[in-house]
Amino acid sequence: MNTKHIQIPTPALTVLNFSGGQQSSAILWMILRGELVPPKPFIVLNADPGMENSETYQYVKRMQRLCEDAKILFVTVPGPNLYLDLLQAKSLGKTRLDFPPYWTKDKETGKRGRLRQKCTSAYKIAPMDRELRRELRRLYGISLIGRMPSKIKVVKYIGFSVDEQHRVSESKQDYIKFEYPLIDLGMTKADVIAYFERIGEKSPARSVCNACFANSVSHFREMKKDRPQDFAQAVAIDLEVRDLSQFGVRETVFVCSACIPLAELDAAENSGLEEEEYSCDSGYCFV
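To convert, count from 1 in the sequence shown and add 6; that's our numbering.
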């Protein structure tokens with residue numbers, strides 16, 4: 007197909023990065039209810055790294071059904087499975103892996119640090135961008151590889167709220183422009199929660215991997231109590247990453263920010279444990 011003979015709208019495609027979290031869900035509900043009308047063609051893209059909150063998986067399936075009823079293309083993109091990759095990396099003899107920014111503890115000084123964040127790029131951004139190209143190929147015959155034609159412009163909706171303006175960034179790809187509907191509407195996180203109350207919908211759970219560096223100690227405790235299967239997944243990863251010397255990491259590695267084994271969470275004293283939930287500025291997680 008030759009794009010020269012196709013009338014390409016501006017934007018050529020509008021995409022909602024949908025994590026299943028509160029903010030991206032609020033945007034999708036506004037679209038489904040006709041309160042926000044994105045330029046067409048419009049699609050919803052979701053990426054599955056293989057170890058999300060089980061409540062999020064259920065919620066994503068529900069939203070996908072609603073999109074199908076509304077004739078909105080909703081795609082959970084195929085991609086690598088972070089959970090399996092983390093579990094199997096050592097046994098497969100790998101020496102490189104795109105790890106989450108897990109917490110490290112120096113064996114001599116006890117100083118806390120973090121690995122570089124590589125998981126979002128490999129397990130969310132790259133798979134979603136590949137799917138985006140596939141959709142552009144379906145619509146306009148765009149090649150799956152090579153430079154994007156200059157006439158192709160894509161808008162990605164990111165679910166940052168007004169109180170997250172520090173996370174706003176520009177796309178690294180010339181043909182993609184980020185837009186922030188909640189910020190344009192002047193909505194804070196509190197406004198998002200109030201929006202769900204107004205439309206009679208339960209606010210979705212925080213969209214976050216079970217074995218994510220950003221989970222607080224209290225989050226892990228709640229997970230153990232309310233979602234034991236999810237917690238078992240987090241414990242399995244925590245045990246697997248403790249020694250990453252195979253990958254050139256000298257420090258001891260932990261999933262939990264308090265640098266304690268998740269399997270020993272109950273035995274740890276509450277005092278002094280890190281309770282902060284950390285953020286990911288990518289726009290592909292949590293929102």
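Every residue gets a Cβ at the ideal spot worked out from N, C-alpha and C, and that includes glycine. Remember, predicted model here, so these are calculated numbers, not experimental data.
Query	Result
Shortest alpha-carbon distance to T82 belongs to which of S97, Y89, Y63?	Y63
Report the CB separation of L92 from V247 in whole angstroms; it is logged as a contact under 8 angstroms.	7 angstroms
Leaving out the 5 sequence neighbours to the left and right, which residues in its chain are closer than 6 angstroms to M134 when beta-carbon positions are compared?	L51, A53, V83
Hey, how far is the Cα of M57 from the Cα of Y89?	6 angstroms
For L72, write down the residues that DSSP places opposite it in a beta bridge.	Answer is none; L72 lacks a bridge partner.
Please state the DSSP three-state secondary structure of S175.	coil
Is the beta carbon of Q70 closer than 8 angstroms to that of P210?	no
How many whole angstroms separate the CB atoms of I164 and V293, which I take to be in contact at a CB cut-off of 8 angstroms?	7 angstroms
By a C-beta neighbour count over all protein chains shown, 10 Å radius and 16 as the cutoff for buried, is H172 buried or exposed?	exposed
Where does T5 fall in DSSP's three states?	As displayed, the chain neither begins before 7 nor continues past 293, which places residue 5 out of reach and without an answer.
In the structure shown, what three-state DSSP assignment does S277 receive?	Only weak support exists for where S277 lies, its pLDDT of 46 falling under 50; the coordinates are left without a value.
Using DSSP with H/G/I as helix, E/B as strand and the rest coil, what is T258?	strand
Measuring CB to CB, does I127 end up less than 8 angstroms from Q235?	According to the sequence provided, residue 127 is Ser. The question's Ile does not apply to it. Not a contact, by the Cβ cut-off of 8 angstroms.
Given T110, which residues of its chain have a CB within under 6 angstroms of its CB, disregarding the five upstream and five downstream residues?	G119, E257, V259
Tell me, please, which residues DSSP counts as bridged to S149.	In the DSSP output, where bridge partners are listed per residue, S149 has none listed.
What number of angstroms, rounded off, separates the C-alpha of E176 from the C-alpha of V161?	11 angstroms
Is I49 helix, strand or coil when you go by DSSP?	strand
Quick check on the burial criterion: 16 or more other C-beta atoms within 10 angstroms. Buried or exposed for V66?	buried
DSSP puts K111 in a beta bridge; with which residues?	R118, T258
Which of the three DSSP states is assigned to I14 in this structure?	coil
Looking at the structure shown, is Y163 part of a helix, part of a strand, or coil, going by DSSP?	strand
Measure the alpha-carbon distance for A242 versus R233 and round it to whole angstroms.	15 angstroms
With a threshold of 16 other CB atoms inside 10 Å of the CB of L22, please say whether the residue is buried or exposed.	buried
Classify Q13 as buried or exposed, calling it buried when 16 or more other Cβ atoms lie within 10 Å of its own Cβ.	exposed
Locate the beta strand (DSSP E) running through F184, then write down its first and last residues.	182-185
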